[in-house]
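Beneath this line is the structure, given in structure tokens, with notes to follow.
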Amino acid sequence: MPTTTTLALLVPLVIAAAAQNVLEFGLQRGPVHQAVQRRSLQRRAAGTYVETLVNNVTGGSYYASVSVGTPAQAQTVVVDTGSSDLWVVASNADLCTNQKMQAEYGQHCVTTYDRSDSSTYKLIEQGGFSITYVDGTSSDGDFISDTFSIGGATIKALQMGYATKIVSGVGVMGIAFNSSESTTQTYPNLLDQFVDQGLITSKAFSLYLNDYRSDGGSLLFGGVDTDKFIGSLSVLPIVQTTNSNSSYTILAVSLGGMSATGSSKGKATTIPFDSTLPAILDSGTTLSYLPNSLAQDVFDAVGAYTDNETTGYTFVDCDAGASISLTFTFGSKTQVTVPASQIVLDIFAGEEDQLPQNVPFSRACLFGIQSMGESTDAGSGSESKSAFASTSSYALLGDTFLRSAYVVYDLTNDEIAIAPANLNSSTSTIVQMGTGTGIPTVTGVKSQQTTYTGSATKTADSSGGAVTVTASPTGTTHSKSAAVRARQDGGLGAIAVAGMACLVSLVGGAFLAI
């Protein structure tokens, strides 16, 4: 997650397009140690909306510019498919007013919300909001309701958390099943209200994170963009978790197989699977995590090195990493290949002194796939902690996987569709999803687009009508890591790249200051 100082420098950028009952929010990433250069908050004509978010560091943490209250107060929130609650940072939150906490956590509050300044604010439950994420961070405060706007779409009286006790200066916009909310009784969350207030017709959205090296991607509510994926969408049932009874709680599908092409062997190695494995598809997790034995098979295939002495993290040789790729198989035939450019992460370039001393590569890159370990701090969703029996029983596929996939989440019909992403797509053809009709049978582009020059964006509803407008180009940047600094023992500790909902933290008393 970028430093809160970096986030405070986000600059608005506007893009427009047209479609009925579709909400699209663009995704944008910026370089570490520099101000994020562009940010969009935009409304598409006739019920279609666009929002540009920010992605940073290893390509994780996607941020939305929203507003809360009357008059509107601008807020920055993390977009998270792994949790279900939306919360904003209170103007009197402890982190915002306590310099000691700011020094300890390396965080400042990006934007804050003052409920006393809003004429539409209502208190729902004092002290009723409390959520703990898998990385161990938590947020506490009140449940309130207020007017909420994003990308030109406005929701009245949206229930949200008003966080007064925090360790990260950025709020969270959770968009998973409401059955995973932090309350004992569910309430209509953001996705529910999109439908209930007539902004979209189905509780569904499509996620396109785009190339790790690019600025932009998109989050599209209520529709599918056929320019953003290759071939056909494969529709898979959402996996029910072990503790969910009859309801669905988490956005996961069945992972049926993997193969890896390694830097030394140069050929594909099939990774042995005893059985299918539930795979959580979570934009709130920066890296991707596999059960220990499965992860080790992947590490062996690609010539990776795990630093068990200090950080617990796995690295690969930057110089040899260009030949590395991983292929994930879902269901019986759906395959998504993740190339080296998305999983060999050169985040220590120019800061090699921050690497563990025992890494055996002259240039070491962080590997985008990591082992769960005995317990993992990966994942932002509160439900991820207890959704499955143990960390050996599921995979957590975060941004290092999701950038290579186009994923459609249909929470109305309990289905997820996957196809290979068409990276760096500069156009859009949007097909609206009907009321409860499921994911449309549509075909994407024939081959990968590798360059882009800006975008003339076309959108179409399901009847075939189209409107052509212009949209801004997407730039290309590369991320570097910031220095790793210890809080307690001066050592690196056990690094844990946290999800979108929190600091990118180094467990054992250190942070990755980004």
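In mature numbering (1 follows the signal peptide of the UniProt record, and there is no 0), the protein residues as written are -19 to -1, 1 to 495. All C-beta atoms, glycine included, are put in the ideal place defined by N, C-alpha and C. These numbers were taken from a predicted model, which means no experiment stands behind them.
For the segment 384 to 438, the continuous beta strand (DSSP E) assignments of 3+ residues that do not extend past its boundaries occur at 386 to 391, 396 to 401 and 411 to 413, in sequence order.
Within the DSSP secondary-structure output, G212 pairs in no beta bridge.
Note that the C-beta distance between P337 and T393 is not below 7 Å.
If you look at D127, you'll find it in the beta strand (DSSP E) that goes S119 to I131.
E162 counts as buried, since at least 16 other C-beta atoms from the protein chains shown sit within 10 angstroms of its C-beta.
In the DSSP assignment, the residues bridged to P320 are S306.
DSSP places S235 in the uninterrupted beta strand (DSSP E) bounded by A233 to T242. Along the segment 63 to 98, the beta strand (DSSP E) occurs as fully enclosed runs of 3 or more residues at 67 to 70, listed in sequence order.
Boundaries cannot be given for A330, as no alpha helix (DSSP H) includes it and DSSP labels it neither H nor E. If you draw a 10 Å sphere on the C-beta of P259, you find 16 or more other C-beta atoms in it, and that means buried. Per DSSP, F280 is one residue of the alpha helix (DSSP H) stretching across N273 to V283.
In this structure, the alpha-carbon of D380 lies about 28 Å from that of V49. The beta carbon of D177 is closer than 7 Å to those of P169 in its chain, skipping five residues each way along the sequence.
Beta-carbon to beta-carbon, S64 and A157 are separated by about 6 Å, close enough to satisfy the 8 Å threshold. Spatial neighbours of Q316 in its own chain (CB-CB distance under 6 Å, excluding positions within 5 residues in sequence) are listed in chain order as T308 and T310. Distance from the CA atom of D121 to the CA atom of H89, rounded to whole angstroms, is 17 Å. By the criterion of at least three beta-carbon pairs nearer than 8 Å, the segment 320 to 329 is in contact with the segment 346 to 354. Distances from the CA of F124 to each of G150, L275, L104 and D255 were compared; the closest alpha carbon is that of L104.
Annotation for Q56: V47, S48, V49, V69, T92, Y94 and G152 place their beta carbon closer than 7 Å to its own, counting only its chain and skipping 5 residues before and after. The Cβ atoms of T145 and T101 do not sit closer than 7 Å to each other.
Q430 is positioned such that its CB atom lies closer than 7 Å to that of S406. If you draw a straight line from the Cα of I420 to the Cα of V388, it is about 11 Å long. In the three-state DSSP reduction, L190 falls in the coil class, being neither helix nor strand.
Non-local beta-carbon contacts of D127 in its own chain, meaning distances under 6 Å to residues more than five positions away in sequence, involve V49, G50, S99, T101 and Y102 in chain order.
Here the segment 409 to 424 lies against the segment 193 to 208, with 3 or more beta-carbon pairs under 8 Å apart. Here D192 is buried. Its C-beta has 16 or more other C-beta atoms within 10 Å.
Ranked by Cα distance from I252, the options S149, S306 and S264 are led by S306. With a 10 Å radius around the Cβ and a threshold of 16 neighbouring Cβ atoms, G108 comes out exposed. In the three-state scheme derived from DSSP, where H, G and I count as helix and E and B as strand, S160 is classed as helix. One Cα belongs to D66, the other to S256, and the distance between them is close to 33 Å. Taken through DSSP and simplified to helix, strand or coil, T207 comes out as helix.
Sorting Y114, A134 and A233 by C-alpha distance to the C-alpha of D391 places A233 at the top. Under DSSP, T145 shares a beta bridge with no residue.
By the C-beta density criterion, D288 is buried, having at least 16 other C-beta atoms within 10 angstroms. In this structure, V297 sits away from A282, with a CB-CB distance that is not shorter than 7 Å.
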